[in-house]
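> Right, I'll just put the structure down here and ask away after.
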Amino acid sequence: MDKEKLEYFRSILNEEIRSLQEEAGKTVSEMTVDSTSFPDPTDRATQESDRSFELRIRDRERKLINKIREAIERIDDGTFGTCEVCGEDISEARLKARPVTTLCIDCKMEQERKEKHP
Numbered sequence: 019m020d021k022e023k024l025e026y027f028r029s030i031l032n033e034e035i036r037s038l039q040e041e042a043g044k045t046v047s048e049m050t051v052d053s054t055s056f057p058d059p060t061d062r063a064t065q066e067s068d069r070s071f072e073l074r075i076r077d078r079e080r081k082l083i084n085k086i087r088e089a090i091e092r093i094d095d096g097t098f099g100t101c102e103v104c105g106e107d108i109s110e111a112r113l114k115a116r117p118v119t120t121l122c123i124d125c126k127m128e129q130e131r132k133e134k135h136p
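Here it is as structure tokens:
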């Protein structure tokens, strides 16, 4: 992959990290500021459920940030866009749809087939 395309993907990945970190910061800020005390146990349970859901989303985003950082490392070491199973190039369309991917579409389909039918 040429240098210009690699920089394009690097900018997409860096922007995604920035966006995810901004959302995480908002969540922390909202949770520390919101000290509403609900006398009704149902309202309190709803608030706790909402917080739990929000924290699960942030945990998934944290894992995505790690994958994004790994993708940036692959750009740096020259392995970005190469399937880690077969060694073939990953299509640019697939990388645009999921820039953190490490598998070409054929290897990913095979992996999913094996997961469904062990």
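Numbered according to this note's numbering, the sequence shown spans residues 19 to 136.
Yeah, the Cβ is synthetic: ideal placement off N, Cα and C, and Gly gets one too.
What you are looking at is a predicted structure, and each value in this text was computed from that prediction instead of being measured.
(1) Scan the stretch 88-130 and note each continuous alpha helix (DSSP H) run of 4 residues or more that stays entirely inside, going in chain order.
(2) Of the choices ASP58, CYS101 and ASN84, whose alpha-carbon is the least far from that of ARG36?
(3) Mind checking GLY105: buried by the 16 CB within 10 Å criterion, or exposed?
(4) Just to check my reading of the structure: ARG69 and MET49 have Cβ atoms closer than 8 Å, yes? What is that Cβ distance to the nearest angstrom?
(5) Residues in its own chain within less than 6 Å of ILE123 by CB, not counting five upstream and five downstream?
On the basis of the data shown:
(1) 110-115
(2) ASN84
(3) exposed
(4) 7 Å
(5) ARG112
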